[in-house]
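Residue numbers (UniProt numbering): 1 to 262.
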């Protein structure tokens, strides 16, 4: 792999600054800044794979300076690309829609990159709830990836990512374009990382008044999503029961929690 300073130098030479009108400022790859790769490029000797746009690639490195390089050359911070098939290491099954470099940074709690992308796109569609995708905070990723990226600071990384989203006026209690809030995605995930649920409980306002689909409450939602890990289901129920107004309430189909559990 390149050393960091060598990588930045190479990017500058390839891209330069295309925001001006002087063609002398254009690098040989300047027209590819927002190009979407039709197929993934696998580089096993470098333990990586490249797909989507160059900005998506740099976000995957987790290196803030490398992310700034295409942005400084005029890359579109809001560009989105659809996942055609599950890709190892990327947000998994729930992410089958178009998503942006910002969504990717949120998913892996890369708080510095999240802050940079939000700052760069503060006057564009990216600052809106539909673009930010706060539910990515809790989506499923490759096992242990967040731990490998952040080491012992993985909890702090999540907290700082949440802080950036709050500063961008992203409501964690409001559903985004997935139709779910971050806490619902975390509860739905049966391979959940419990520290994420705990952090979202502290950060999400108005949990007792949150309206769920089809008349569900948090208890019925958890039981519907339960699979084989009963310990995880019990743990979630203990955490969320205080936010259920009526544990015996029925959903829109007239079904109670005890019936769903059976």
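The C-beta atom is built at its ideal place from N, Cα and C for all residues, glycine as well.
DSSP-derived helix/strand/coil call for residue i
i, result
"residue 108", "coil"
"residue 95", "Below a pLDDT of 50, predicted positions are generally treated as unreliable, and residue 95, at 43, falls in that range; no measurement from the model is reported."
"residue 245", "coil"
"residue 79", "coil"
Cut-off 7 Å between Cβ atoms - residues of its own chain near residue i, not counting five sequence neighbours on either side
i, result
"residue 167", "none"
"residue 217", "244, 249"
"residue 7", "66"
"residue 208", "243, 245"
"residue 186", "138, 192, 196, 197, 200"
"residue 164", "111, 114, 115, 118"
Contacting residues, own chain, Cβ-Cβ under 8 Å from residue i (five flanking each side not counted)
i, result
"residue 233", "222, 223, 226"
"residue 199", "155, 158, 159, 162"
"residue 150", "109, 156, 157"
Where the alpha helix (DSSP H) through residue i begins and ends
i, result
"residue 64", "64-72"
"residue 145", "145-150"
"residue 172", "No alpha helix (DSSP H) contains residue 172, which DSSP labels as neither H nor E."
"residue 137", "Counting along the chain, residue 137 falls outside any alpha helix (DSSP H), and DSSP gives it neither H nor E."
"residue 198", "194-203"
"residue 60", "54-61"
"residue 185", "182-188"
Residues of its chain near residue i, where Cβ-Cβ distance is below 6 Å and the 5 sequence neighbours each way are ignored
i, result
"residue 103", "133, 136"
"residue 205", "173"
Cβ-Cβ separation, residue j to residue i (assumed contact under 8 Å), whole Å
i, j, result
"residue 116", "residue 52", "Between residue 52 and residue 116 the Cβ distance is about 18 Å, and since that is not below 8 Å, they are no contact."
"residue 73", "residue 33", "6 Å"
Could I get the ranges of all uninterrupted alpha helix (DSSP H) runs contained in the segment 209-233, with 4 residues as the minimum, in chain order?
218-225, all fully within the segment 209-233.
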